[in-house]
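If you read the sequence shown in full-length UniProt numbering, its first letter stands for residue 1, the second for the next number, and so on.
Working notes, beginning with the structure itself.
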Amino acid sequence: MADSGDKKQISSISSENTKKAKRNPGTSHNFRKRPPQKPERGENVIYISTKTNIKAQLERCRKLINNNQNEIIIYCLGAAIQRGILLALQLSERYVAYDIHTNTLSTELIGELKMFFTIDELVRWLGLTVFEIWINLISILLFTVLLALNYDPNIELYDNDWWMIFFPLFAGDALNTYFCIIIFIRMLLEMTLKFSLMRISWSAIFLLMTFLFKFLLCKRLLGQVKLDYSEVFAPLYILLQLIAVRACQQS
Numbered sequence: 001m002a003d004s005g006d007k008k009q010i011s012s013i014s015s016e017n018t019k020k021a022k023r024n025p026g027t028s029h030n031f032r033k034r035p036p037q038k039p040e041r042g043e044n045v046i047y048i049s050t051k052t053n054i055k056a057q058l059e060r061c062r063k064l065i066n067n068n069q070n071e072i073i074i075y076c077l078g079a080a081i082q083r084g085i086l087l088a089l090q091l092s093e094r095y096v097a098y099d100i101h102t103n104t105l106s107t108e109l110i111g112e113l114k115m116f117f118t119i120d121e122l123v124r125w126l127g128l129t130v131f132e133i134w135i136n137l138i139s140i141l142l143f144t145v146l147l148a149l150n151y152d153p154n155i156e157l158y159d160n161d162w163w164m165i166f167f168p169l170f171a172g173d174a175l176n177t178y179f180c181i182i183i184f185i186r187m188l189l190e191m192t193l194k195f196s197l198m199r200i201s202w203s204a205i206f207l208l209m210t211f212l213f214k215f216l217l218c219k220r221l222l223g224q225v226k227l228d229y230s231e232v233f234a235p236l237y238i239l240l241q242l243i244a245v246r247a248c249q250q251s
């Protein structure tokens with residue numbers, strides 16, 4: 001009888017504990033995926049994802065630089081690499097004293113061959129993207145081919161029409177203008193208005209000066225305008241002076 005009583009007492013206690021431990025239906029529990037382990041932690045370490053706000057990270061970098069931070073580390077992975085590169089380029093444009101050093105986790109650079117001018121230096125001094133430089137080189141190549149065919153005595157190239165010979169250069173300017181408009185719209189959405197206007201103003205000056213030089217040169221070769229070649233080359237001289245000033249500022 002005592003055993004049975006003990007069993008009843010134990011069962012009653014367990015049932016009471018079960019009632020007390022019952023979950024309140026008013027509370028909710030959220031399950032989240034644990035984030036991957038980050039390689040470094042620190043005030044100057046910035047992690048970029050596909051949803052990162054570039055403007056907020058620029059403001060954070062500005063505060064770090066104002067606090068005399070000598071180094072800012074930007075981590076990006078996969079699809080976020082493009083956004084990380086964009087943030088680094090904006091920082092290099094705003095703060096000339098800071099240089100960009102690229103590292104990867106899977107490769108190690110032992111040695112590299114450098115040109116007389118590197119791509120980074122050309123992009124920084126000319127204020128053009130790699131795509132714009134590529135378009136200009138392709139248009140100059142086609143222009144050179146048509147110019148060589150024009151002076152070939154065995155080939156008649158549409159009665160030596162200079163407009164047709166200069167057409168690749170004008171087409172390259174049109175493609176670069178379209179590309180700059182797209183870049184300006186993207187920068188308005190992701191960056192400040194001041195930086196976007198500075199970028200589009202330099203692109204507009206570069207395109208206007210080069211187009212004006214090509215247009216006047218074509219008119220001069222056709223004999224439709226009576227200008228000296230010093231006047232024809234004036235837009236190019238102005239552009240070279242502006243590039244020299246920009247190169248001094250960037251260096």
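Cβ atoms here follow ideal geometry from the backbone N, Cα and C, with glycine treated the same way.
Because the structure is a prediction, the values reported are computed rather than measured.
Whose C-beta lies closer than 7 Å to the C-beta of residue i among residues of the same chain, with five residues either side of it excluded?
i	result
Leu-227	Leu-216 and Arg-220
Ala-171	Ser-139
residue 301	Because the chain in this structure spans residues 1 to 251, residue 301 falls outside the shown range and cannot be described.
Leu-188	Ser-196
Assuming residue i is part of the beta strand (DSSP E), what are its boundary residues?
i	result
Tyr-47	45–48
Tyr-75	73–76
Helix, strand or coil, according to DSSP, for residue i in the structure here?
i	result
Gln-98	The sequence given here places Tyr at residue 98; Gln does not occur at that position. DSSP places Tyr-98 in coil when its eight states are reduced to three.
Asp-161	coil
Ile-155	coil
Gln-82	helix
Asn-176	helix
Val-123	helix
Leu-188	helix
Phe-170	helix
Leu-227	coil
Gln-69	coil
If you follow the alpha helix (DSSP H) that residue i is part of, which residue opens it and which one closes it?
i	result
Pro-235	234–250
Leu-214	The amino acid occupying residue 214 in the given sequence is Lys; Leu does not appear at that position. Per DSSP, Lys-214 belongs to the alpha helix (DSSP H) from 193–222.
Gln-57	54–66
Asn-136	130–150
So residue i and residue j are supposed to be a Cβ contact under 8 Å. How far apart are they, rounded?
i	j	result
Asn-176	Glu-132	5 Å
Leu-207	Asp-173	6 Å
Asn-44	Ile-73	6 Å
For residue i, which of the options has the nearest alpha-carbon?
i	options	result
Cys-180	Ala-80, Trp-202 and Trp-125	Trp-202
Gln-224	Leu-197, Arg-94, Phe-195 and Trp-163	Trp-163
Glu-93	Gln-69, Ile-155, Asn-68 and Leu-128	Leu-128
Arg-83	Arg-199, Phe-184, Met-191 and Ile-243	Met-191
Tyr-178	Ala-204, Ile-165, Leu-193 and Leu-189	Ala-204
Tyr-98	Gln-69, Cys-218, Cys-76 and Leu-122	Gln-69
Ile-46	Asn-67, Leu-87 and Asn-66	Leu-87
Leu-142	Ile-119, Pro-168 and Pro-153	Pro-168
Asn-103	Phe-117, Tyr-75 and Leu-89	Tyr-75
Using a Cβ-Cβ cutoff of less than 8 Å, which residues in the same chain neighbour residue i once the five nearest sequence positions on both sides are dropped?
i	result
Gln-250	Val-96, Arg-124 and Trp-125
Excluding the five sequence neighbours on either side, which residues of its own chain have a C-beta within less than 6 Å of the C-beta of residue i, listed in chain order?
i	result
Pro-235	Met-209, Leu-212 and Phe-213
Glu-112	With a pLDDT of 49 at Glu-112, under the threshold of 50, the predicted position of this residue should be treated as unreliable, though the coordinate-derived value follows. Here the set comprises nothing.
Thr-50	Ala-79 and Ala-80
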